[in-house]
Every structure is written in structure tokens, then in C-alpha cells.
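Asks: Anchor point for the sequence shown: position 440 equals 447 in the working numbering, and the numbering is continuous, going up by one each time.
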Amino acid sequence: MKKTILLLLSLALSFQALADEGMWLPNLIARRIDDMGAKGCRLSAEDIYSINQASLKDAVVLFGSGCTGELVSPKGLLFTNHHCGYSFIQRHSSVEHDYLKDGFWAMSPAEELPNPGLTVSFLERMQDVTGVILYGWNPSMGEEARDSVAKANSARLQKEVADPENGISASVEALYYANQYYLFVYRVYRDVRLVGAPPSSIGKFGGDTDNWMWPRHTGDFSIFRIYASPDGKPADYSPSNVPYRPKKYFSICRDGVKEGDFTFVYGCPGSTREYVHSEEVRYIGEVSDPQKIALRTLRLGIQKKYMSQSQEVRIQYSAKNASVSNAWKKWQGESKGIKRLRTVQAKREYERRFNEWAAGGPYEGLTERLEDIYKRREPYYLAYEYFNETVRSLELPSLASHVYGALKLGRPVDAMARNFFKDYYRPIDQESFVALLKAFGQNMPEDFQPAYYKDKLRSYGTVEAWAEDIYSRSLFCNADAVASLGAEDVALVEADPAFEVYNAFQKWMNSDIMPVLRAAEKELKAANRLYMKAQMEFEPERDFYPDANLTLRVAYGKVAGYKPADAVYYAPVSTLTGIMEKDNPDIFDYNIPQSLRDIYAAGGCEDQPVCFLATNHTTGGNSGSPVLNADGLLVGINFDRVWEGTMSDLVYDPVYCRNISLDVRYLLFIIEQIGHAGWLFDEMSFS
Ligand code: ARG
Ligand code: ASP
Numbered sequence: 008m009k010k011t012i013l014l015l016l017s018l019a020l021s022f023q024a025l026a027d028e029g030m031w032l033p034n035l036i037a038r039r040i041d042d043m044g045a046k047g048c049r050l051s052a053e054d055i056y057s058i059n060q061a062s063l064k065d066a067v068v069l070f071g072s073g074c075t076g077e078l079v080s081p082k083g084l085l086f087t088n089h090h091c092g093y094s095f096i097q098r099h100s101s102v103e104h105d106y107l108k109d110g111f112w113a114m115s116p117a118e119e120l121p122n123p124g125l126t127v128s129f130l131e132r133m134q135d136v137t138g139v140i141l142y143g144w145n146p147s148m149g150e151e152a153r154d155s156v157a158k159a160n161s162a163r164l165q166k167e168v169a170d171p172e173n174g175i176s177a178s179v180e181a182l183y184y185a186n187q188y189y190l191f192v193y194r195v196y197r198d199v200r201l202v203g204a205p206p207s208s209i210g211k212f213g214g215d216t217d218n219w220m221w222p223r224h225t226g227d228f229s230i231f232r233i234y235a236s237p238d239g240k241p242a243d244y245s246p247s248n249v250p251y252r253p254k255k256y257f258s259i260c261r262d263g264v265k266e267g268d269f270t271f272v273y274g275c276p277g278s279t280r281e282y283v284h285s286e287e288v289r290y291i292g293e294v295s296d297p298q299k300i301a302l303r304t305l306r307l308g309i310q311k312k313y314m315s316q317s318q319e320v321r322i323q324y325s326a327k328n329a330s331v332s333n334a335w336k337k338w339q340g341e342s343k344g345i346k347r348l349r350t351v352q353a354k355r356e357y358e359r360r361f362n363e364w365a366a367g368g369p370y371e372g373l374t375e376r377l378e379d380i381y382k383r384r385e386p387y388y389l390a391y392e393y394f395n396e397t398v399r400s401l402e403l404p405s406l407a408s409h410v411y412g413a414l415k416l417g418r419p420v421d422a423m424a425r426n427f428f429k430d431y432y433r434p435i436d437q438e439s440f441v442a443l444l445k446a447f448g449q450n451m452p453e454d455f456q457p458a459y460y461k462d463k464l465r466s467y468g469t470v471e472a473w474a475e476d477i478y479s480r481s482l483f484c485n486a487d488a489v490a491s492l493g494a495e496d497v498a499l500v501e502a503d504p505a506f507e508v509y510n511a512f513q514k515w516m517n518s519d520i521m522p523v524l525r526a527a528e529k530e531l532k533a534a535n536r537l538y539m540k541a542q543m544e545f546e547p548e549r550d551f552y553p554d555a556n557l558t559l560r561v562a563y564g565k566v567a568g569y570k571p572a573d574a575v576y577y578a579p580v581s582t583l584t585g586i587m588e589k590d591n592p593d594i595f596d597y598n599i600p601q602s603l604r605d606i607y608a609a610g611g612c613e614d615q616p617v618c619f620l621a622t623n624h625t626t627g628g629n630s631g632s633p634v635l636n637a638d639g640l641l642v643g644i645n646f647d648r649v650w651e652g653t654m655s656d657l658v659y660d661p662v663y664c665r666n667i668s669l670d671v672r673y674l675l676f677i678i679e680q681i682g683h684a685g686w687l688f689d690e691m692s693f694s
């Protein structure tokens, strides 16, 4: 009997291990190293993370505040994604030097371009500090006291450890829903220069059409270099700074990958919710995602209509359109995936077994309590999300609110106005107003509509008439009028109809929605902490990885294709031939540079690999992460997932979840053939 139970247990464990799910803490990778080895990895835990010697972790950085990057030379050269460097490339671009369109290649260090505000953060060390953070608290004091004790102790510890003079910053992060606290110590470099970027027709090839999709052919990379003071310390930009000498950098593997090869991703995943109650998943999959998708479908339709009529509007709205469509597409995959996997039912079944186990103990009634809080929270949370996706996403009302805030603080607004109007097209905004505020009335229950909204509809008769009044009368329609506003004009802004609509909804949020929502969130936080703790006791054999929170993680798996639909199989490697198949000068997203066409026509590079799929568990923030082979050599740069697998933020499915990486050999190909920047190869190391 005992034997069968053990057998079943180990079977369950090995199934779980097969699944390639998980974003593991690098300092605890020793716990996974046997499994990694069984799957083909030839590295030791110390190779991956060490506090005593240089290890792979020293070659990985948090790039900016939401991407990952990796060091690839002893002179501080760094790779990340094109979409991670995008805003910096854009800032250096003008009509004369359109680096977004044409690409940018420094031909010597002297030509590299500084990027004020851009930082890269190296993790110096990470450490469990739960004892320190909870010092002075005991369970009899309750959850609220736990929170405030943790806050005060975290602030103290961070201050103690930080050393701004030397660029050392410290942050205490909650793991496992605040059952554990970790200290992360970073060295933050702030002189980071642009070295190279392909034209967008390569770096963003496929645009939003191919975003979240396979087959993919995007050359999504950009190249930067970190500079330091002559003694190697972080420093502000200065011509006397020198290339940073990293403790470790990746060697580049030219052999590539094939189906079945072991790979791992070392980077900073942003946010996942793997251990939450079925009610949270039901809300996301059945309520929130579909509602937000519907609202964004309206906005995207309006944008598309005007963008297709005018080249100027297309440029103005390309970045906005990309960001609206990015989450829109992701949510579709997510809600479909939740449905396909029957995640809500599976979680309910799990909760049933959990409840059986919990009966009579300290966790009895916990899942019911969670369910109750989620149910009470739902209409308020939906109202909050609706506000974000409607009134807050309208451009003129948002501008009015920002300007108002700045004027109140006595700040100038002319730059804000200039920035805004450069990329503003009123018909899009006005039509969005009509569509979104109609949807608001149709989809929000009566008692979750502000009185202001109902009054306005009554007095104008239609949303169209209301919109027409705002968009013809508001002073915010006039760029010069906005630019010349000063502190003395606060009353003028308060009386403006565009400001009024934003302000009225915001006030309603503050008075009717947020207080209930905040109270529910507080209850949830406490209950979720207990639920996480309880799950770890319920399944003592299971190795729980903490949900992502933009701290450094290791995800491992293998190169693998997938079946997106019945009778369809996607092979895991794409090639230059696929780019030529998509190439079309008439379709913006698929219009490649003539030089690439010529190179292809000359022959010999039909099989040039471009992107590949693998089963590594990744999420937003993993963009730009190094994808490494069994020996820790760089084979790719992670940049996306397939949309059928985007529910991996809530539930990972080995059948559908695939990360998409740029094959590093395509990066080398583009540097050489398109950028003619082969001088960069001299400092890289190849194996
Ligand atoms: N889907 C990827 C991510 O979530 C890439 C986004 C950038 N690309 C784009 N076409 N919008 O960030
Ligand atoms: N594209 C995402 C990023 O920018 C990665 C992902 O969501 O898979 O981080």
C-alpha cells in the first residue's frame, strides 16, 4: 500500500516536472538542478548563481524598468529587444535621421548615443530576510500590524543597505503572497548608450499583425553599451566614462538549436497569479477579459478606420495602437486558454480536496472566505476596470486632468501640450468617446453608473450630442490655448467640459468605488497570504515557485513546436524564407528593406534561422532575456509568447505554452549584412 502511494506520488511529481512549468529563484536553483540535468542541462547550480564567484547571473540585467538584457562582451555590450529599446531609438530619431525607420549602427564607440534616464540593474545578491522584516510582530497582533511592521522594517533595511554614492540600491520584495520577504541588492548603471538597432521593418517585422503569433519572423533586438566611471562605478553620462567591464558575459553559440534541445531563460518576469482561488480566475477569464476586449475592439476599429485613410494619422497612432492591441490580443488568448483548460473547474476541484484536508484545522472556511470576498469585490473591481478602459483612456479628458494637476503644482504645461498634439487626431478621440461612453451605459449596472453620467445623458439626449459639445467647446481642443495655460488658469480648466467629465468620473470613483474596493483588497491580501501558506502545507511534496514580481528567475524547458488547432502542427523554427513569403511592399507590417530582398535573391541564405519556440515559462518582463543552451551559451533572445498560451500567467499548459525567441544567429546575420557593423564581432566571444 505504502509502495503504491509512493509510486503515485513520484509519478505525480515527475509529471509535474515534465511540464516545464516554473519561474525559479536562481539562489535556490540547486533544488532544480537534478531535474534540469535530467532534461539535458550540463551546468551546476553554482554556474547559474553564486555569491562567491562570477556566475551567469552577473551577465543578466533588468533593462530600464520592465525588460531584461544580457551582457555579451568584456566591454559592456548588451543585447535586448527592439521593442525594449524602442522609445530610446525613437528619441534619437528625427526626419533627417529616422533611426526607427532606417535603423542605427554606431561604427565606433564614439558614435554611440547616450540615453538619459535609461538604467540597467545588476543583481548583486538576493537573500531571505523574512525574520528581519517581521521582527517585532507576532500572530496575535493580526494582519494589519503585520503589514505595517513589514513596511517599517523594509524601509529601514533598504536604507541601511543602499549606497547611492556607489549606485547600490536595495529593495525588499514579498514572495509567496508575503509569506516570505527577500532582499534584492542591485548595482544600477546609468550611462547606457545605443549601439545598434535594425530598421523597424526588421526589428518590428510583422508588427501587430504577427504579435503574439507563430510563425514569427521578427528581428526583435537592439544593442546597447554600459559605461562606468574609470574606476568601474556607476556614473552619470560623461565623455570620460569607459566601457563597463562585467564580471561575466555570455558566449554566443553559432550551432543553433533544434527540436528537443534543452533551453533556459534567465530574466525578470513581471507578474503571474498561479495560486489564486477559482473565483479570481473566473473573473479574469469570464468577466474582465471579455469586457476589456470588447471595449478595445471598439477603440481599435476607430483607430484603424482613420489610420488607413491617412499616412500622417497612421504614424501618429502607431505606438498607441500597438499598446492598445498588445493587451487586447493577449487577453483573447488568456480567456480562451482558461476556458479550454477548464481552469475554473479544475481549481474548484482542487479547492474541494483542499477543504476536505482543511476541515477541523486552522484553514477551515478559508476558501469560502476567499470566494465571499471575491464576490463582494467583483462589481467594484469591474467598475474600476471600466473607468480605466473608458474615461481614463480618452485622450482629451486625460490631457485635461494632467494639465490640471501640473497647474496646481505650478508646473509649466507647454511641453506636455506639444507632446500631446504631435500625436493627436481629434476625430479618433471623439468617436472613441461616443463608443466607450455608450458601452459604459450599456454594460455597467444602473447602480454602478455615476449620477453625473445619467444627468448628462438626460440633458443632451444622446452621447453623440454630449461628445459634440465637449469636442467643439473644450479649450483642450486648441494646442496653443493649452500651451499658454498658467497657474492663474486653474478656474478656467475647472470649468472646461473635457476636464469636467474626467473629474466627475474620478470623484465618483473616489467616493463610491475605491473605498469598498480598497477594503476588499486588504481582506484579500490577508486571506491570500494564508491560502498560499495553507497550499504549501496541503502539498508538502510540491516545489512551489513564487509568482513573478520582476525579480530574477530561471525558467527551463526545451525547443518544441505545438498544435494550435485540430490537424495543424507548428514547427518550432522559422527561417528567412518565411520572411520572403510574407514580404509585401503594400502591407506596412510586411514591407522589408530592399537590401534584405537583394541578399535573399543572391541565394544561399534560404535556411537562415530567424525565430524559435520553446516551452520555457515566461511572461511580460522576460522580453530581452537571454535564452541559453545546456552549456549556458547564448542561443536566443526571448521576446514573446504564442497567444494560445498566454493563460500561462494564471495556469501553465505544456501543450500550448510556448515562448518565442529570436535566434541569435539572425541577430548576427543582420548586424553583418544589413548593419555592416561587423566591428562588434571583435569583442564578442563565439563557441
Ligand atoms: N507581445 C510582446 C509583449 O508583450 C511584444 C510587444 C511589442 N510588439 C508589438 N507589436 N506591439 O510585450
Ligand atoms: N512581450 C513580453 C515582454 O515584453 C513578453 C511576454 O509577455 O511573453 O516582456
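Using N, Cα and C, we set each Cβ at its ideal position, and we do this for glycine too.
Between the alpha carbons of C260 and L557, how many angstroms are there, rounded?
Replies: The residue you call residue 260 lines up with position 253 of the sequence shown. The residue you call residue 557 lines up with position 550 of the sequence shown. So the two alpha carbons sit approximately 27 Å from each other.
Asks: Using the three-state DSSP reduction, which class does D135 fall into: helix, strand or coil?
Replies: Taking the first residue of the sequence shown as 1, we reach residue 135 at position 128. Residue state, collapsed to three classes: strand.
Asks: Given the structure, does A329 come close to ligand 1, in the sense that its CB is under 8 Å from one of the ligand's heavy atoms?
Replies: For this step, residue 329 is matched to residue 322 along the sequence shown. Yes.
Asks: Any chance you could list the residues with Cβ under 6 Å from a heavy atom of ligand 1, keeping chain order?
Replies: Matched residues: H90, G214, D215, N218, W219, A329, N333, G627, S630 and D647.
Asks: In the DSSP output, what is N666 paired with across the bridge?
Replies: The residue given as residue 666 occupies position 659 in the sequence shown. DSSP lists A621 and R648 as partners of N666.
Asks: Is it the case that the CB of K415 approaches a heavy atom of ligand 2 more closely than 8 Å?
Replies: Within the sequence shown, the letter at position 408 stands for residue 415. Outside the cutoff, so no.
Asks: Would you report the Cα separation of K265 and D227, rounded to the nearest angstrom?
Replies: Numbered from its first residue, the sequence shown carries residue 265 at position 258. Numbered from its first residue, the sequence shown carries residue 227 at position 220. One C-alpha to the other measures close to 20 Å.
Asks: Under 8 Å from any heavy atom of ligand 2, does the C-beta of N88 make it?
Replies: Counted from its first residue, the sequence shown places residue 88 at position 81. The answer is yes for N88.
Asks: Output the distance between the C-alpha atoms of M691 and L63, rounded to the nearest integer angstrom.
Replies: Here residue 691 refers to the residue found at position 684 of the sequence shown. Here residue 63 refers to the residue found at position 56 of the sequence shown. Spanning the two alpha carbons is a distance of roughly 16 Å.
Asks: For R525, which option in R383, F676 and L537 has the closest C-alpha, if you only look at C-alpha atoms?
Replies: Taking the sequence shown and counting its residues from 1, the one referred to as residue 525 is at position 518. Checked all of R383, F676 and L537; the closest Cα to R525 is R383.
Asks: Where does I140 fall in DSSP's three states?
Replies: For the purposes of this step, residue 140 is identified with residue 133 of the sequence shown, where counting begins at 1. Reduced to three states, the DSSP call for I140 is helix.
Asks: Is C612 close to ligand 2? I mean its beta-carbon at under 8 Å from any heavy atom of the ligand.
Replies: Here residue 612 is taken as the residue at index 605 of the sequence shown, counted from 1. Result no, Cβ not under 8 Å from ligand 2.
Asks: Count the other CB atoms within 10 Å of the CB of S21; is the residue buried (16 or more) or exposed (fewer)?
Replies: Along the sequence shown, one-based indexing puts residue 21 at 14. Its pLDDT being 42, under 50, S21 is placed unreliably by the model, and nothing is read from it.
Asks: Checking 9 Å against the spacing of the C-beta atoms, do P616 and D670 come in under that value?
Replies: One-based indexing of the sequence shown puts residue 616 at position 609. One-based indexing of the sequence shown puts residue 670 at position 663. Contact flag set, yes.
Asks: Under a three-way DSSP split, which group does T558 fall into?
Replies: Counting from 1 along the sequence shown, the entry for residue 558 is found at position 551. Note: T558 maps to coil in three-state DSSP.
Asks: Taking only heavy atoms of ligand 2 into account, decide whether any of them is closer than 8 Å to the Cβ of K337.
Replies: Residue numbering aside, residue 337 sits at position 330 when the sequence shown is read from its first letter. Yes, ligand 2 has a heavy atom inside 8 Å of this Cβ.
Asks: So, is I140 buried or exposed, given that buried needs 16 or more other C-beta atoms within 10 angstroms?
Replies: To locate residue 140, count along the sequence shown from 1; it is residue 133. By the 10 Å Cβ count, I140 comes out buried.
Asks: Determine the burial state of Y370: buried for a count of at least 16 other Cβ atoms within 10 Å of its Cβ, exposed for fewer.
Replies: Taking the sequence shown and counting its residues from 1, the one referred to as residue 370 is at position 363. Counting Cβ neighbours within 10 Å, Y370 comes out buried, since at least 16 surround it.
Asks: Do G263 and ligand 2 come close, with the Cβ less than 8 Å from some heavy atom?
Replies: In the sequence shown, counting from the first residue as 1, residue 263 sits at position 256. Because no heavy atom of ligand 2 lies under 8 Å away, the Cβ of G263 does not count as near it: no.
Asks: Report the residue from K514, S466, L406 and A527 whose alpha carbon sits nearest the alpha carbon of E385.
Replies: Numbered from its first residue, the sequence shown carries residue 385 at position 378. Nearest option by C-alpha distance: A527.
Asks: Go ahead and pull the three-state DSSP assignment for F129.
Replies: Numbered from its first residue, the sequence shown carries residue 129 at position 122. Strand, per DSSP.
Asks: Using DSSP with H/G/I as helix, E/B as strand and the rest coil, what is L307?
Replies: As a first step, residue 307 must be located in the sequence shown, where it is residue number 300. Note: L307 maps to helix in three-state DSSP.
Asks: When the Cα of S178 is compared with those of H683, Q165, K327 and V398, which residue comes out closest?
Replies: Position 171 of the sequence shown holds residue 178. Comparing Cα-Cα distances from S178 to each of H683, Q165, K327 and V398, the minimum goes to Q165.
Asks: In three-state DSSP terms, what is L32?
Replies: The residue labelled residue 32 in the question sits at position 25 within the sequence shown. DSSP places L32 in coil when its eight states are reduced to three.
Asks: Using only the heavy atoms of ligand 2, determine whether one of them is closer than 8 Å to the beta carbon of N556.
Replies: Start at 1 with the first residue of the sequence shown, and residue 556 comes out as number 549. N556 Cβ: outside cutoff for every heavy atom of ligand 2.
Asks: At a cut of 8 Å, does the segment 271 to 288 reach the segment 199 to 217 through at least three beta carbon pairs?
Replies: Counting Cβ pairs under 8 Å, fewer than three are found: no touch.
Asks: May I have the straight-line CA-CA distance separating I380 from A486, to the nearest angstrom?
Replies: Start at 1 with the first residue of the sequence shown, and residue 380 comes out as number 373. Start at 1 with the first residue of the sequence shown, and residue 486 comes out as number 479. Distance between the alpha carbons of I380 and A486 is about 46 Å.
Asks: Taking the Cβ atom as the reference point for each residue, do G417 and A494 lie within a distance shorter than 9 Å?
Replies: Reading the sequence shown from its first residue, position 410 is the one you call residue 417. Reading the sequence shown from its first residue, position 487 is the one you call residue 494. Contact flag set, yes.
Asks: Looking at C-alpha atoms only, which residue of E438, L603 and E501 is the closest neighbour of V470?
Replies: Within the sequence shown, residue 470 is the residue found at index 463, counting from 1. Comparing Cα-Cα distances from V470 to each of E438, L603 and E501, the minimum goes to E438.
Asks: I need the straight-line Cα distance from E530 to S155, nearest angstrom please.
Replies: Along the sequence shown, read from residue 1 onward, the residue named residue 530 stands at position 523. Along the sequence shown, read from residue 1 onward, the residue named residue 155 stands at position 148. In a straight line, the C-alpha of E530 is about 15 Å away from that of S155.
Asks: What number of angstroms, rounded off, separates the C-alpha of W473 from the C-alpha of N328?
Replies: Here residue 473 refers to the residue found at position 466 when the sequence shown is read from its first residue. Here residue 328 refers to the residue found at position 321 when the sequence shown is read from its first residue. Roughly 25 Å between the two C-alpha positions.
Asks: From the DSSP secondary-structure annotation, give me the bridge partner or partners of S229.
Replies: The residue you call residue 229 lines up with position 222 of the sequence shown. In DSSP, S229 forms a bridge with T87.
Asks: Shortest alpha-carbon distance to L130 belongs to which of I300, R194 and E180?
Replies: Taking the sequence shown and counting its residues from 1, the one referred to as residue 130 is at position 123. Looking at the Cα atoms, R194 is the closest of the given residues.
Asks: Suppose you measure from the CA of A365 to the CA of E378; what does that come to, to the nearest Å?
Replies: For the purposes of this step, residue 365 is taken as residue 358 along the sequence shown, with counting starting at 1. For the purposes of this step, residue 378 is taken as residue 371 along the sequence shown, with counting starting at 1. Those two C-alpha atoms are separated by around 16 Å.
Asks: For the beta strand (DSSP E) that contains Y569, what are its first and last residues?
Replies: Locating residue 569 in the sequence shown gives position 562, counting from the first residue. Unbroken beta strand (DSSP E) run through Y569: Y569 to A572.
Asks: Kindly list the residues whose CB is nearer than 7 Å to the CB of N517, restricted to its own chain and excluding five residues on each side of it in sequence; keep chain order.
Replies: The sequence position of residue 517 within the sequence shown is 510, counting from 1. Nothing listed; no residue qualifies.
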